[in-house]
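Residue numbers (this note's numbering), protein chains in the order written: chain A, 406 to 519; chain B, 2 to 755. Presented below is the structure to which this report refers.
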Amino acid sequence: MLGDEHLQIDVRRERDRVVVGLRGELDLLAAPVLQAAVESPEIDDTEMLVIDLQDVRFVDSAGLRVILVAYERSQQRGQAFALSRGSAQVDRLLSIAGLDEHLRIIESPDELLV
Amino acid sequence: MGERSDGQPRSTPAQPVSDAGVSLLVEAGAVLASSLEPATTMGQVARLTVPELADLCVIDLLDDDGSIRDVAVVATQADIAEQLERLRASYPLDPDGEHPVARVIRGGEAELLPEMTRMLLSSFAQGSVHAQFMIDHDYRSAVVAPLPVRGRTLGTLSVLRLGDGARYGSDDLELVCELARRAALAIDNARLFSRLQGTEQRLEAVLASVAEAITVVDEQGQTIYANQAAAELLGVGSPGELTSAAPGSIMPRFLVLDEQGRELDLECMPGRRLFKGEQAEPLLVRNIVRATGEERWLIVRSTPIREPDGGRVLYAVNVFENITEVKRVERSESFMAEASRVLASSMDYGETLGRVAQLAVPQIADWCAVDLLTEQDTIERVAVHHSDPTRLALAEELDRGYQPALDEPEGVPEVIRTGEARIFTDIQPDALAAYARDNQHYELLSAIGATSVIIVPMAGPTKTIGAITLVSAESTRRLSSADLALAERLGRRAGTAVENAHLYTERTRIAHTLQQALLPESLPEIPAAEVEARYCAAGELNEVGGDFYDVFAYGPDGWILAIGDVCGKGPRAAGVTALARHTLRAAAMSGQSLSEMLGALHQALREQPPGADMCTACLVEMKPNSAGASLTVALAGHPPALLIGSDGVAKQIGQHGTLLGVLDPINVTLEHAELKAGATLLLYTDGVPDAGVAGGEPIGEDGLIELCGRAPELSLPKFLEHVEHVALERARGTLRDDIALLGARLLNRTASQR
């Protein structure tokens, strides 16, 4: 079974942003969990949404899609959106998908966006 | 008395006093040792002196506020004592005045007043009434001795003779001083004791008011102290009931379990371990009141009180912290997290519900059963669990013979019809009898021995699809309203999961059929080249969508090899796979460039309703030339193609480009390469490098490049099969994502190929 201790999500509010911290593997099984988190009305009023991928080992195309859902949502809400870097596999995926050219990629979830 | 006053003069108090005096001191010693309560003690001392030593005896003490207060007045005639007490209440002695008592208290020296004249009496009287009283009662002779202790004077002991009695002499002075010293010591002890008692009372007051239950228990198990919280926790009316209870008579009222629900030997409790000389770590226990089934979670901490030399443990002080609420929330959350994980792990809801039932036992209840409403409006039991297999057989027998019908008034049918949860506590035999259909049914129900039952609806997004039943029986634990709330959450979660699974199964079936139908049945023949494809769909857990590939003519003598990965939600994503292929084909036929073709697909996806339907694609234009074929690669969010040389060394070709359907504008950069004889072109979807088990290392880009080393020695179909085989092996048969492979090689048969 694929579902063992798959993905842990920690949503925290920090100054101007909500950081959705992920740990584990963001794949098909885990994607709905993240989708529920980014669709939560709790993050409607923040200026910025950061998906923190630092502790994510693996993202697949379903995971990528949810990241993009989160991005589209924050566009609709008029929020800034950023991703923090993950493992080599994750960075490679972001690069292959061309996300590094379109989305703000930051080194740390606390990094200031000007 | 006269003998005494006539006795031999004594020069110092250190010398022995008369025999009568000795007997008085002995008597006084007994009195003083008998009581530690100051007022009582002083009354007794004063009484000792009357009438042998005095006609009137007054003991005065200096109060903390500096005033002088008589604490004992004893006279041969009771009315004199009463009058004097009233008088002293009205005319208290001036501590700074000339009254001998005030002087002795100030100076600490005894005074002997052998003969008191009217003038002398008047000189220290506290006003004319006082003076008149002393004159009227014929005050004659007096000794006023200090009550000395630890360098201070606590007050005075005064003895007086009235009327014609003998006058006091120096030996009387010594005796009274000696008596006063002993009385002072007794008063001091009594005060220290009462202060200690005050401290104990304050401590008790503090302990009584703290929320934690506290008991002090001796080695025999006798409770010698308990506060109110302890009485409440242990279910008795007052702390006194605990301290008077025989050792071991209270605890059998409780079932004491460890965190995992195993019964605990009371000898393991920290308090008992202390007496055995063991370490007593705080212990978390689950405590169930046998009488009511109420469950509490307690942290028990014990601290020893040892003998003064630090040796033997005299008492264990037990502090019980009630963390039931905290624990209940924590357990609910962890249970729900676990249940959600189980429910999300598989779309086979029959199996999943069985696992949820297992999860509920014994954490929440002794039994758990899950019933679903079928399409024919019958109720089907899909899961039942009990930790004891022999008891499980009972439930199965019940299911076979007495599966309820939907129109029954009570129980599971009622909950499914109304969508309202029910809780039954304190189930009595007559209630069972009323519910049972016949004797055998009643016997089975009785054998199950339910004490409380919760039935909650499994509420899907659109309707109630079943019910979950939780039964508490032999564990004595009574299901509470907190359990009901948790069960309702479980019911909603499971209901959603099952209804989704229904929809999903339907969707998956449609989507997979569609998708299979939408992939090309066979690839076209290309002059001078062979092309091969392999496709392997991921397991049932896959979202709808999937990989696609295609090969079609492009321009007068060119070909397009296309591969891609659609990721979206809902059945329409399956349609996106078809949309992708047809859009690319149509754009190719109208003569658009690779970049324009990808742009056309991007636009087509953007025109879909929002929802982040996205697609990655890799297009390779292959144009035969004299040396082999020229290749042009365009990537949109897709991993690069691999060009494997005849030496087995693979090289990535293609520049990263934006995936299609979400982000504007897309950037695509073309890259050119040459396909030479003996070389292999491999297009793949990321299901290949991503193949692996959760938490394990997937094949990865590097692993795939390494696999390419086998290409020169294998035929193209064998090579693709090999790659797919390794990926499946790495994923232990459960792919996370579809795998698609598309390969091309120039027709250039060499002897080395098998």
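Glycine is no exception: its CB is placed at the ideal position from the N, C-alpha and C atoms. Computed from a predicted structure; not experimentally measured.
Residue contact check for residue 670(B) against chain A: no CB pair falls below 8 Å. Cβ neighbours of residue 586(B) within its own chain (closer than 6 Å, five residues either side excluded): 553.
Listed in chain order, the non-local C-beta contacts of residue 186(B) below 7 Å within the same chain comprise 150, local neighbours out to five positions each way being set aside. The DSSP-derived three-state label of residue 719(B) is helix. When beta bridges are read from the DSSP output, residue 463(A) appears opposite 430(A). Look at the beta carbons and you see the region 315 to 322 of chain B touching the region 217 to 226 of chain B: at least three pairs across the two are nearer than 8 Å. Annotated as distal: residue 468(B) and residue 353(B), with beta-carbon spacing of 8 Å or more.
Residue burial annotation: residue 459(B) is buried, with at least 16 other C-beta atoms found within 10 angstroms of its C-beta. With the criterion set as a beta carbon lying under 7 Å from some beta carbon of chain A, the members of the region 642 to 662 of chain B are 657, 658, 659 and 660, in sequence order. Between residue 455(A) and residue 489(A), the C-beta spacing is below 8 Å.
Ranked by how close their Cα comes to the Cα of residue 608(B), the residues 589(B), 42(B) and 580(B) have 580(B) in first place.
For a cut-off of 8 Å, the C-beta gap from residue 75(B) to residue 51(B) is around 5 Å, short enough to register as a contact. Taking one beta carbon from each stretch, the region 661 to 670 of chain B and the region 707 to 723 of chain B have fewer than 3 pairs nearer than 8 Å; the two do not touch. Scanning its chain for C-beta atoms nearer than 8 Å, with the 5 sequence neighbours on each side dropped, one finds around residue 449(B) the residues 368, 392, 395, 396, 399, 472 and 474, in chain order. The Cβ-Cβ distance between residue 654(B) and residue 635(B) does not fall below 8 Å.
Below 8 Å, too few C-beta pairs join the region 644 to 651 of chain B and the region 583 to 602 of chain B to call them touching: fewer than three. Contact check for residue 227(B) against residue 240(B) passes: the beta carbons are separated by less than 8 Å.
Taking the CA atoms as reference points, residue 656(B) sits about 19 Å from residue 744(B).
Around the C-beta of residue 109(B), fewer than 16 other C-beta atoms lie within 10 Å, and the residue is accordingly described as exposed. The continuous stretches of beta strand (DSSP E) do not include residue 362(B), and DSSP gives it neither H nor E.
Between residue 364(B) and residue 401(B), the C-beta spacing is not below 8 Å.
In this structure, residue 671(B) sits away from residue 747(B), with a CB-CB distance that is not shorter than 8 Å.
Per DSSP, residue 433(B) lies in no beta strand (DSSP E) segment; the continuous alpha helix (DSSP H) that holds it begins and ends at 430 to 436.
Here residue 367(B) carries a coil assignment [DSSP, helix/strand/coil]. The CB of residue 568(B) comes closer than 8 Å to the CB of 466, 467, 469 and 470 in chain A, given here in chain order.
DSSP, reduced to helix, strand and coil, places residue 92(B) outside both helices and strands of the structure shown, so it counts as coil. Counting only Cβ-Cβ distances below 9 Å, residue 738(B) has contacts in chain A at 432, 433, 465, 466 and 467, in chain order. In this structure, residue 448(A) sits away from residue 474(A), with a CB-CB distance that is not shorter than 8 Å. Where residue 416(B) is concerned, there is no enclosing beta strand (DSSP E), although the alpha helix (DSSP H) around it starts and stops at 413 to 419.
About 6 Å separates the Cβ atoms of residue 432(A) and residue 737(B), confirming a contact at the 8 Å cut-off.
In the three-state scheme derived from DSSP, where H, G and I count as helix and E and B as strand, residue 291(B) is classed as coil. In the three-state reduction of the DSSP assignment, residue 681(B) falls in the strand class. Using a Cβ-Cβ cut-off of 8 Å, residue 503(A) counts as an interface residue toward chain B, since at least one Cβ of chain B sits closer than that to its own. Under the Cβ distance rule, residue 445(A) does not count among the residues neighbouring chain B, no pair being separated by less than 8 Å. Ranked by Cα distance from residue 229(B), the options 211(B), 445(B), 444(B) and 529(B) are led by 211(B). Annotated three-state conformation of residue 653(B) is strand, per DSSP.
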